[in-house]
Amino acid sequence: MAETTIEWTDASWNPVAGCTVISPGCTNCYAMRMAARLDAMGMNKYRGLTRKSGKRAVWTGKVGLDRKSLGIPASWKKPRRIFVNSMSDLFHEAVPAEFVAAVWGAMQVTPQHTYQILTKRPDRMAEIAASLPVLANVWLGASVENADYLARIDDLRKVNAAVRFISFEPLLGSVAGADLTGIHWVIVGGESGPHSRPMAEEWVGEIEAACRRARTAFFFKQWGGVHKKSTGRQYRGRTFDEMPRGAPL
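The working numbering applies: residue 23 is where the sequence shown begins, and numbers increase by one.
Printed below as a string of structure tokens:
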């Protein structure tokens, strides 16, 4: 587990490492670059998870399970918001349902923490979560990068969770048709880093309007770009850090 600078969470926890590119939002994934860097530093957990494609690191599709990490959250007594698997997807096809259940067990015995799980595979999330207990401290979310993937919201709606959330990051196109009924929280962010693709202010406005209609909390993370610090995270002259109702501070 490690502290993080991600604006909507406090720390990351990675019981799984490695993934597969499945949609345009994966193209410039920061986790691929980070995994390649950690592999080069000799960290066995990330060995062979990426390969070079031109000048970029891309996922090989290999996924590793880190059972030793399952006990880490219990060692953190101070309550934290924890992003689960920033370096993978817990609901990747290569992650057995039994291991997902083991991760659930680790979260269940640490109610002092709030866990935030994002997936690009909410259909599998819905299938597996149906046989797991609903935990008050576990938020379940899906990533949606453009209108081609709005069906992920419908899949997420099928999941019984304390909090359901959508991350529109990297936002690569208009999602004006998004139905946020039953979604408690939305994160919006532009792509950052090398080769980042631009985000239009109009797209952000469409999402904020959808949030207001559905009474969904709206969190604007960043404009992004090659130098994201210079573009900042103010939208309409202010910072939007809204959280789901009843969420711990």
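Every residue, glycine too, gets a C-beta built ideally from N, C-alpha and C.
Query	Result
Check whether the segment 43–57 touches the segment 96–104, counting contact only when three or more Cβ pairs, one atom from each stretch, lie closer than 8 Å.	no
How is Glu213 classed by DSSP in three states: helix, strand or coil?	coil
Can you name the start and end residues of the beta strand (DSSP E) that Ala164 belongs to?	Val160 to Ser165
Considering just the uninterrupted stretch of the alpha helix (DSSP H) at Trp225, what are its terminal residues?	Glu223 to Ala236
Just reading off the alpha helix (DSSP H) that Ile150 is part of, what are its end residues?	Pro144 to Ala151
Under three-state DSSP, which class holds Gly47?	helix
Short of 7 Å in beta carbon distance, which residues of its chain neighbour Lys67, apart from the five on each side in sequence? Order them along the chain.	Ala39, Gly86 and Asp88
Have a look at Cys233 and Ala183 and give me their C-alpha separation to the nearest angstrom.	19 Å
In three-state DSSP terms, what is Arg179?	helix
When you compare the CB positions of Met147 and Ala164, do they come within less than 9 Å of one another, or not?	yes
Flag this pair as touching only if the segment 133–142 and the segment 69–83 have three or more C-beta atom pairs under 8 Å; answer yes or no.	no
Hey, could you find the ends of the alpha helix (DSSP H) Leu140 is sitting in?	It is not in any alpha helix (DSSP H) - Leu140 instead sits in the beta strand (DSSP E) that spans Thr136 to Thr141.
To the nearest angstrom, how far is it from the Cα of Tyr257 to the Cα of Leu172?	23 Å
Among the candidates Glu224, Phe187 and Arg174, whose CA atom is the shortest distance from the CA of Ala198?	Glu224
To the nearest angstrom, report how far apart Asn4 and Met56 are at their CA atoms.	The requested residue 4 does not occur in the structure, where the chain is confined to residues 23 to 271.
Excluding the 5 residues preceding and the 5 following Met265 in the sequence, name in chain order all residues of the same chain whose CB lies nearer than 6 Å to its CB.	Ala239
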